[in-house]
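> Numbering (UniProt numbering), first residue to last: 1 to 239.
Before anything else, here's the structure in question.
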């Protein structure tokens, strides 16, 4: 079986990494993948990028960078996503990866005018999700861990909206047949979410958020976690 490519676009806070590992570790855990089943490449580094055909599917992590940052690696990664879509290789972009997918496909990404969305949030599925290969077994309402300032502001032409909530109108999308973007984090556990609330507490208070309430609302997000395993099944041809 060809490996799953994990496109590392960033890392968590150093203190969090010491306790829980990094984004790629969380992704592998909830995707049910071992180290010998993945190819992990940090796209921020000046390294050769994998050839098409060397992996069965690609999962792109989140990042503390912003898609609007003028960093060369971001533009290089955006062009790589376009190649993945052209080859119809299964792709799943998370948070930053979701936003970069949206832009790579012709949409617009940037700062959410409502500010930060941080915490465990209720996500609503659209009617189109019921027939989507990745989302068709998801409930109509579920929870997802969110931490983002930027978002997909305008969907690419032909993109299918799969999930939303009152704060974020584009929580999940599909572009073409096999490229998906998730604004929420299927790889986050409740412990990860609580860490992100604490690290952003000052900015969230300025936005009028109640930090104790955000912690109280943190809960398990089983259906969201399941999207990672289902994506792997799609990439490996099991479904």
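We put the beta carbon where it would ideally sit given N, CA and C, even for glycine.
All values derive from a computational prediction rather than experimental measurement.
Assign residue 132 to one of three DSSP states: helix, strand, or coil.
Here the question's residue 132 lines up with position 132 in the chain shown. Residue 132 falls in the coil class under three-state DSSP.
> Taking the CB atoms as reference points, tell me whether residue 78 and residue 100 lie closer together than 8 Å.
Within the chain shown, residue 78 is the residue found at index 78, counting from 1. Within the chain shown, residue 100 is the residue found at index 100, counting from 1. For residue 78 and residue 100, yes; Cβs fall inside 8 Å.
> Assuming residue 227 contacts residue 182 (C-beta within less than 8 Å), just tell me the rounded distance between them.
Numbered from its first residue, the chain shown carries residue 227 at position 227. Numbered from its first residue, the chain shown carries residue 182 at position 182. 7 Å between Cβ atoms; contact.
> Who are residue 121's beta bridge partners in DSSP?
In the chain shown, residue 121 corresponds to position 121, counting from 1. DSSP output for residue 121 lists 144 as bridge partner(s).
> Looking at residue 62 and residue 97, is the spacing between their C-beta atoms short of 8 Å?
Taking the chain shown and counting its residues from 1, the one referred to as residue 97 is at position 97. Taking the chain shown and counting its residues from 1, the one referred to as residue 62 is at position 62. Their beta carbons are under 8 Å apart, which means residue 97 touches residue 62 by this criterion.
> Can you give me the Cβ contacts of residue 223 inside the same chain, cut-off strictly under 7 Å, excluding the 5 residues immediately before and after it?
Working through the chain shown from its first residue, we reach residue 223 at position 223. Excluding residues within five positions, the ones whose Cβ falls inside 7 Å are 138, 139, 142.
> Report back the beta-carbon spacing between residue 20 and residue 191 to the nearest angstrom; my notes put them in contact at under 8 Å.
As a working note, residue 20 is residue 20 in the chain shown. As a working note, residue 191 is residue 191 in the chain shown. The Cβ separation is near 7 Å, so the contact holds.
> Please give the ranges of any beta strand (DSSP E) in the region 1-36, keeping only runs that are unbroken, at least 3 residues long and fully inside the region.
Complete beta strand (DSSP E) runs here, min 3: 4-8.
> For residue 59, which of helix, strand or coil comes out of DSSP?
In the chain shown, residue 59 corresponds to position 59, counting from 1. Correct three-state label for residue 59: strand.
> Tell me, please, which residues DSSP counts as bridged to residue 163.
Against the chain shown, residue 163 aligns to sequence position 163. Beta-bridge pairing links residue 163 to 125, 172.
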